[in-house]
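Sequence lines, in order, name chains A and B.
Heads up: take any position in the first sequence, counting from 1, add 66, and you land on this note's numbering.
Heads up: take any position in the second sequence, counting from 1, add 48, and you land on this note's numbering.
Just below is one structure, and these are the notes that go with it.
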Amino acid sequence: MLKRIAAVSLLALPLAAFAAPESYTLDPYHTYPNFTVDHLGVSTMYGRFDKSSGKVTLDRAAKSGSIDITIETASINTGDGDKGTRARSRDEHLRAADFFNVAEFPKATYKSTKFVFTGDNPSAIEGSLTLLGVTKPVNLTIDRFKCNPAQGTGKERCGGNASGKFKRSDFGMKYGIPNVGDEIGLIVEFEAVKD
Amino acid sequence: MNALLEHPAVQGGVAPFVVALIVAALLGRTRYAWLAIVAGYATQVALSTGISFTPLSASRKILLLCLLAPLVGIGVDALVSRARPAAYALAVVAGLAAAWVFLSVLSQREGAQMWLQGLGLVAFAAAMVASMVTLRDDGLRAGVAGLGLGLAAGIAALVSASIGFLLSGMSVAASAGALLLVWVVSGRPVAAGLLGTLSIGVMVALFAEGALMLAQMPWYAVALLLLVPLAVRLPVREDASTFMRALFLSVYALAAASVPIAAAWFAARATVS
Chain A
67 MLKRIAAVSL LALPLAAFAA PESYTLDPYH TYPNFTVDHL GVSTMYGRFD
117 KSSGKVTLDR AAKSGSIDIT IETASINTGD GDKGTRARSR DEHLRAADFF
167 NVAEFPKATY KSTKFVFTGD NPSAIEGSLT LLGVTKPVNL TIDRFKCNPA
217 QGTGKERCGG NASGKFKRSD FGMKYGIPNV GDEIGLIVEF EAVKD
Chain B
49 MNALLEHPAV QGGVAPFVVA LIVAALLGRT RYAWLAIVAG YATQVALSTG
99 ISFTPLSASR KILLLCLLAP LVGIGVDALV SRARPAAYAL AVVAGLAAAW
149 VFLSVLSQRE GAQMWLQGLG LVAFAAAMVA SMVTLRDDGL RAGVAGLGLG
199 LAAGIAALVS ASIGFLLSGM SVAASAGALL LVWVVSGRPV AAGLLGTLSI
249 GVMVALFAEG ALMLAQMPWY AVALLLLVPL AVRLPVREDA STFMRALFLS
299 VYALAAASVP IAAAWFAARA TVS
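Following this line, the structure appears as structure tokens:
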């Protein structure tokens, strides 16, 4: 009986290895959480966080996966980092307590709870965003996703774009509403290299 | 109407002034007129960000303590007959409370820097409260100190990248202005007691420390705010009218207020972003 169990286990081992979730590390030079926000009702401003890191797992056989991104909030960049002759730049104001309060909350995180697949590729992510110490559900649509197989000495690389929306007031960031919009568009460009 | 209430000048200045004026007019002959300060501040918070305490971040701890300070002042005024020891005990408590407010920020600092900043926060808040509570028997000087401190902390916060603390400082200045207006008209200032002086001391200390820890106000601009309660101690002719005394004291207070504002301005201009 024991021999039979051992034989079955040995036969199943390659299948288990094939089905195992694959782990990837986000490439910080090709992963940027971008955001959009309405300004005075006349334009849409763009900004991004220059520094982020994280891990992705993907199990195509089981159609599941996970993503865990940590964003350094002090790396916010809206293209106005040089105050010139002014007392402060917009990015300095965004780092202060009115907005991202980076001294108290230096990191924001996004953790997935579920990957939704369409065919072989993930098409949506259900998860939660933690910002200013508040955690709320934020779902992302994966607008584009592709994996390039390992080539030469290079490892397999997967990447794409994901987008979603949330209200900053839900996270307690209420300063300036409605002159600076409440609804934030989130567009994440990401690439991850297989571990 | 909504567009009007969303304007920062209304949120930080006009609305707190109007609310404080109503409170001061209604309670003008009692020491509770000093509730006008917290009423004006609460109006500003309600209009700009809303009143909320979760999660209990440093900014929300500031709001909590600013709302509690007048209640503590009323309680100690009523319960303690020997005001001087109680006043200094409150200064120490205010200093420790300031450290509690910024604990989440201090805990992210390196060892020596954490202790240095923590002790600085405690010392400044205690010094500000101590210097304010010594004005508890002189309503006019305490009110003018509130006007000068609110303006100084608010404008210095603005050039230090915090509009939130600008609005908070302005609301204290506007509320103190409303009290002064009522007294100039009535000719009868009401002693501030610990209610008024503890409110102003705690609020201004925490706004300035907030702009230091959560924005970019330099530490020496924060320390220079202590010039304002000192300046309002300068002599004025006590037989002059309330209006003239308020006018001269305001000149002293605003002159002192210009020092921390200038310090914050030059610090902002000197640093490279």
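A virtual CB, placed ideally from N, CA and C, is assigned to each residue, including glycine.
Under 8 Å by beta carbon: chain B residues contacting residue i
i               : result
arginine 154(A) : Val207, Ser208, Ala209, Gln264, Ala316 and Ser321
Burial state of residue i (16 or more Cβ within 10 Å)
i                    : result
alanine 256(B)       : buried
threonine 91(B)      : buried
histidine 105(A)     : exposed
threonine 184(A)     : exposed
phenylalanine 84(A)  : Low local confidence applies: a pLDDT of 49 at phenylalanine 84(A) is under 50, so the model's placement there is unreliable, with the coordinate-based value given in what follows. Exposed is the call here.
lysine 109(B)        : buried
glutamate 158(A)     : buried
alanine 72(B)        : buried
threonine 97(B)      : buried
alanine 301(B)       : buried
alanine 292(B)       : Per the sequence shown, the amino acid found at residue 292(B) is methionine instead of alanine. Exposed: under 16 other Cβ atoms inside 10 Å.
valine 108(A)        : exposed
glutamine 264(B)     : buried
asparagine 167(A)    : buried
glycine 217(B)       : buried
methionine 239(A)    : buried
proline 133(B)       : exposed
phenylalanine 101(B) : exposed
threonine 97(A)      : buried
Beta-carbon neighbours of residue i, restricted to chain A and to distances below 9 Å
i                : result
serine 105(B)    : Ala163, Asn167, Glu170, Phe171, Leu198, Gly199 and Gly238
glutamine 156(B) : Ala169, Glu170 and Pro172
valine 220(B)    : Per Cβ cutoff of 9 Å: no residues; valine 220(B) is ~17 Å from chain A at best.
Beta-carbon separation (whole angstroms), residue i vs residue j, contact threshold 8 Å
i                    : j                    : result
alanine 139(B)       : methionine 261(B)    : Contact flag wrong, Cβ pair sits at about 20 Å.
alanine 169(A)       : valine 153(B)        : 5 Å
valine 177(B)        : leucine 282(B)       : With a Cβ gap of about 21 Å, valine 177(B) and leucine 282(B) do not count as contacting.
proline 237(B)       : glycine 187(B)       : 4 Å
glycine 334(B)       : alanine 224(B)       : Any answer about residue 334(B) is impossible in this case: the structure gives chain B only from 49 up to 321.
phenylalanine 181(A) : proline 188(A)       : 5 Å
phenylalanine 232(A) : lysine 260(A)        : Actually they are not in contact, since the Cβ atoms of phenylalanine 232(A) and lysine 260(A) sit about 30 Å apart, beyond 8 Å.
isoleucine 137(A)    : phenylalanine 115(A) : 5 Å
threonine 290(B)     : valine 232(B)        : 5 Å
serine 119(A)        : proline 94(A)        : 6 Å
tyrosine 241(A)      : aspartate 164(A)     : 4 Å
Reference residue i, options the options, closest by Cα
i                 : options                                       : result
isoleucine 208(A) : Arg154(A), Val200(A), Ala228(A) and Ala169(A) : Ala228(A)
glutamate 249(A)  : Ser235(A), Lys260(A), Phe115(A) and Phe256(A) : Ser235(A)
tyrosine 90(A)    : Thr123(A), Gly113(A) and Tyr112(A)            : Thr123(A)
glycine 230(A)    : Tyr176(A), Ile243(A) and Ile142(A)            : Tyr176(A)
leucine 113(B)    : Val128(B), Ala146(B) and Met218(B)            : Ala146(B)
valine 254(A)     : Ile191(A), Leu160(A), Glu158(A) and Lys180(A) : Ile191(A)
alanine 239(B)    : Leu275(B), Ala63(B), Leu83(B) and Ala51(B)    : Leu83(B)
leucine 52(B)     : Glu257(A), Phe166(A) and Ile243(A)            : Ile243(A)
leucine 197(A)    : Thr110(A), Thr139(A) and Lys117(A)            : Thr139(A)
glycine 249(B)    : Gln264(B), Val230(B) and Leu273(B)            : Leu273(B)
valine 280(B)     : Ala117(B), Asp287(B), Ala259(B) and Ala304(B) : Ala304(B)
serine 194(A)     : Asn143(A), Cys213(A) and Val204(A)            : Val204(A)
leucine 297(B)    : Ala312(B), Trp313(B), Leu228(B) and Ser234(B) : Leu228(B)
leucine 243(B)    : Asp287(B), Ala226(B) and Ala135(B)            : Ala135(B)
leucine 169(B)    : Val270(B), Asp287(B) and Leu127(B)            : Val270(B)
tryptophan 148(B) : Ala137(B), Leu167(B) and Ser234(B)            : Leu167(B)
threonine 78(B)   : Pro133(B), Ala137(B), Leu115(B) and Ser234(B) : Ser234(B)
alanine 175(B)    : Leu278(B), Ala204(B) and Ala318(B)            : Leu278(B)
threonine 144(A)  : Met239(A), Gly238(A), Ser119(A) and Thr110(A) : Thr110(A)
isoleucine 122(B) : Ala87(B), Gly194(B) and Tyr80(B)              : Tyr80(B)
leucine 160(A)    : Leu252(A), Ala258(A), Val246(A) and Glu257(A) : Val246(A)
arginine 285(B)   : Gly202(B), Val67(B) and Arg189(B)             : Arg189(B)
leucine 69(B)     : His55(B), Val86(B) and Glu54(B)               : Val86(B)
leucine 214(B)    : Ala312(B), Ile99(B), Ser100(B) and Pro103(B)  : Ala312(B)
serine 35(A)      : Ala162(A), Arg126(A) and Lys117(A)            : Here chain A covers residues 67 to 261 and nothing more, so residue 35(A) does not appear.
lysine 212(A)     : Gly225(A), Leu206(A) and Thr219(A)            : Gly225(A)
alanine 86(A)     : Tyr112(A), Arg126(A) and Gly113(A)            : Arg126(A)
proline 308(B)    : Val299(B), Leu254(B), Gly202(B) and Ala222(B) : Gly202(B)
Interface residues of chain A facing residue i [CB-CB closer than 7 Å]
i                 : result
glutamate 257(B)  : Ordered by position in chain A, no residue passes the 7 Å Cβ test against glutamate 257(B), which lies about 11 Å from the chain.
tryptophan 313(B) : Ala153
threonine 97(B)   : Lys240 and Tyr241
valine 153(B)     : Ala169 and Glu170
Interface partners of residue i on chain B, CB under 7 Å
i              : result
proline 244(A) : Glu54
Contacts of residue i in chain B (Cβ-Cβ under 9 Å)
i                : result
histidine 159(A) : Ala209, Ser210, Ile211 and Ala263
Chain-ordered chain A contacts of residue i [CB-CB under 8 Å]
i             : result
serine 100(B) : Gly238
The region 201-210 of chain B contacting the region 146-157 of chain A, beta-carbon criterion three pairs below 8 Å: Flag = yes, the region 201-210 of chain B and the region 146-157 of chain A touch.
The region 127-140 of chain A in contact with the region 57-64 of chain B per 3-pair CB rule at 8 Å: Result no; under three Cβ-Cβ pairs closer than 8 Å.
Three or more C-beta pairs below 8 Å linking the region 155-166 of chain B and the region 178-185 of chain B: Cβ pair count under 8 Å is below three, so no.
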